[in-house]
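In terms of my numbering, the sequence shown opens at residue 237 and continues consecutively.
Every residue, glycine too, gets a C-beta built ideally from N, C-alpha and C.
Structure first, then comments.
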Amino acid sequence: PAKPSLARTLGKADLLLYNGLELEIGWLPSLIKKARNPRVQPGQRGELDCSAALQNVLDVPDGPVDRGQGDIHPLGNPHYTLDPLAMAEVAHIVAHRLAELDPDHAADFAARADAFAADLQARVPAWREAVADARRGHVLLYHQTWTYLVHWLGLDVYGEIEHRPGIAPSPKHVQAVIEQGRALGDVIVVAATWSHLDVARQTAERLGAPLAVLPASTGAEDGVDSYVELIDTIVGRLAAAAAERGTP
């Protein structure tokens with residue numbers, strides 16, 4: 237549940253920005269009610285689902301979803317914030333909404349969004365080049381957090397340690413992905429800082445593969461205070477893991 241202080245903060249807000257794709261479904265609707273702020277109610281100009289900027293939502297389930305399948309998101313994978321090209325689009329819809337709320341500064345909002353988007357787009361080729369060695373092998377993910385990341389980086393994912401998202405994997409499933417990884421060779425294991433790292437480490441050790449532990453958002457670690465720092469850190473650790481993989 238959200239902290240009570242968040243309701244007080246939201247009660248004074250002119251604009252609520254949120255990830256969307258039901259990532260916040262467990263706490264945001266009740267928080268909006270508690271805030272009693274007409275400006276940020278669903279459908280109002282002060283409420284913006286940033287996933288509206290997405291042109292391609294990944295991992296959309298084909299059929300009905302139930303809790304037995306794990307932490308499946310019915311609207312698709314919500315972790316698009318790890319795709320800088322998607323975040324460039326988010327910047328533009330945020331600027332547009334800010335301009336609606338504060339027309340006098342519309343040009344400033346647009347200019348800053350354009351600059352942010354252009355900066356990210358300019359960095360993408362170097363980020364992709366930095367993980368060129370990682371693209372020559374295979375990746376085992378702990379969780380679907382990284383689906384958008386590996387998609388834009390062009391990495392080959394052969395499996396996930398979690399058989400069902402958000403549910404601890406069975407020994408049988410872990411053994412299966414280890415055997416598959418051994419057959420493929422040249423594997424990197426990728427997990428978030430908040431993952432069950434003991435399972436991730438044990439899996440990597442049994443595979444004889446390097447483990448890349450990555451921050452999934454700004455603020456997840458010291459020194460990861462901006463979006464560019466986040467992607468720089470992620471790309472740097474993937475590159476280091478790829479180099480380690482090639483070390484006898």
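For residue 459, the three-state secondary structure derived from DSSP is coil. The alpha-carbon of residue 238 is positioned some 16 Å away from that of residue 248.
Residue 268: member of the alpha helix (DSSP H) spanning 264 to 271, first to last residue. Non-local C-beta neighbours of residue 383 in its own chain, meaning closer than 7 Å and more than five positions away in sequence, comprise 294, 295, 313 and 315, ordered along the chain.
Between residue 440 and residue 473 the beta-carbon gap is near 13 Å, outside 8 Å, which marks them as no contact.
For residue 387, DSSP records no beta bridge to any residue. A direct Cα-to-Cα measurement between residue 467 and residue 366 gives close to 11 Å. DSSP, read as helix, strand or coil, puts residue 378 in coil. Note that the C-beta distance between residue 346 and residue 322 is not below 7 Å.
Residue 335 places its beta carbon 7 Å or farther from that of residue 352.
In this structure, residue 319 lies near residue 388, with their beta-carbon atoms less than 7 Å apart. For residue 434, the enclosing alpha helix (DSSP H) covers residues 433 to 443. Under DSSP, residue 283 takes part in a beta bridge, and its partners are 252. Rounded to the nearest angstrom, the Cβ distance from residue 298 to residue 254 is 26 Å, too far for a contact under 8 Å.
Exclusion of the five residues before and after residue 420 leaves 374 and 394 as the residues of its chain whose Cβ lies within less than 7 Å of its Cβ.
Using a 10 angstroms sphere on the CB of residue 287, the tally of other CB atoms reaches 16 or more, which defines it as buried. Its Cα nearest to that of residue 378, the residue 450 stands out among 271, 349, 358 and 450. Here DSSP, grouped into helix, strand and coil, assigns residue 321 to helix. Classified as buried, residue 273 has 16 or more neighbouring CB atoms from the shown chains inside 10 Å of its CB. Taking C-beta atoms under 8 Å as the contact rule, residue 386 and residue 397 fail to qualify, at a distance of about 14 Å. In this structure, 479 is the residue among 282, 479 and 436 with its C-alpha nearest to the C-alpha of residue 369. Secondary structure at residue 367: coil, using DSSP grouped into helix, strand and coil. DSSP places residue 413 in the uninterrupted alpha helix (DSSP H) bounded by 407 to 420. Look at residue 290 here: in three-state DSSP terms it is coil, with no helix or strand label.
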